[in-house]
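Here is the structure we will look at.
Numbering (this note's numbering), first residue to last: 10 to 221.
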């Protein structure tokens, strides 16, 4: 299957209380009441995966236009200076440490902010997003939906993800209230099987860090 053309993501301004259902990097997720925040269990305790971003599909320059919300979660606390051991590295991860939640258009009206769930945690402020087909400048972090990445040193993704599609790429990046360094300033990649993407089935997304 042909690789989908890349959509590049550019960071806007920090937003204290973004509109429910809007696109933003970091911040707090918006979910329907019947959808739980993805969690991971370590040492007998459970904690929420970090919201990397949520993407309102209607804001993307796609043809045909899409609707709904995609939320990307990953266990990246280690790379933000927390915890002692990383759970995502330079090998393909299992899907226990990353989750992508798809909210279809018909459920967008049920979204509620999960901000209160994190009342004891200081999450980075939400950052507004701009989407287009223009590559980021050297001064910007490389944030990307779909396409290919120059950071992949091989012809294909490692097993068992041969032939899969890049879904989202997050660069190492830092700001006023966050700093993420993925193995010597690498990139975090979310991967999905092409046929699963066409079906909007995000139940088996995996992650890998690429660092050169």
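A virtual CB, placed ideally from N, CA and C, is assigned to each residue, including glycine.
Asked: Could you say if the region 91-110 and the region 12-28 meet the contact criterion of at least three C-beta pairs nearer than 8 Å?; Found: no
Asked: So, with DSSP's three-state summary, where would you put residue 1?; Found: This structure cannot settle anything about residue 1, because the visible part of the chain is limited to 10 through 221.
Asked: Work out the CA separation of residue 58 and residue 212 for me, nearest whole Å.; Found: 15 Å
Asked: So, with DSSP's three-state summary, where would you put residue 205?; Found: helix
Asked: Go to residue 19, then tell me how far its beta strand (DSSP E) extends in each direction, as first and last residue.; Found: 16-24
Asked: Does the Cβ-Cβ distance between residue 68 and residue 96 come in under 7 Å?; Found: no
Asked: May I ask you to report which of helix, strand or coil DSSP gives residue 127?; Found: helix
Asked: Spell out whether any CB of chain D is found under 7 Å from the CB atom of residue 76.; Found: Going by chain labels, chain D is absent from the structure shown, which holds only one protein chain.
Asked: Counting beta carbon pairs with one atom in the region 76-91 and one in the region 43-63, are three or more of them shorter than 8 Å?; Found: yes
Asked: Would you check if the distance between the CB atom of residue 137 and the CB atom of residue 24 is smaller than 7 Å?; Found: yes
Asked: If you draw a straight line from the alpha carbon of residue 183 to that of residue 149, how long is it in whole angstroms?; Found: 11 Å
Asked: Please classify residue 74 as buried or exposed, where buried requires at least 16 other C-beta atoms within 10 Å of its C-beta.; Found: exposed
Asked: Relative to the ligand ADP, is the shortest distance from any of its heavy atoms to the C-beta of residue 182 smaller than 6 Å?; Found: Summarising the ligand content, the structure contains no ligands, and the ligand ADP is consequently not present.
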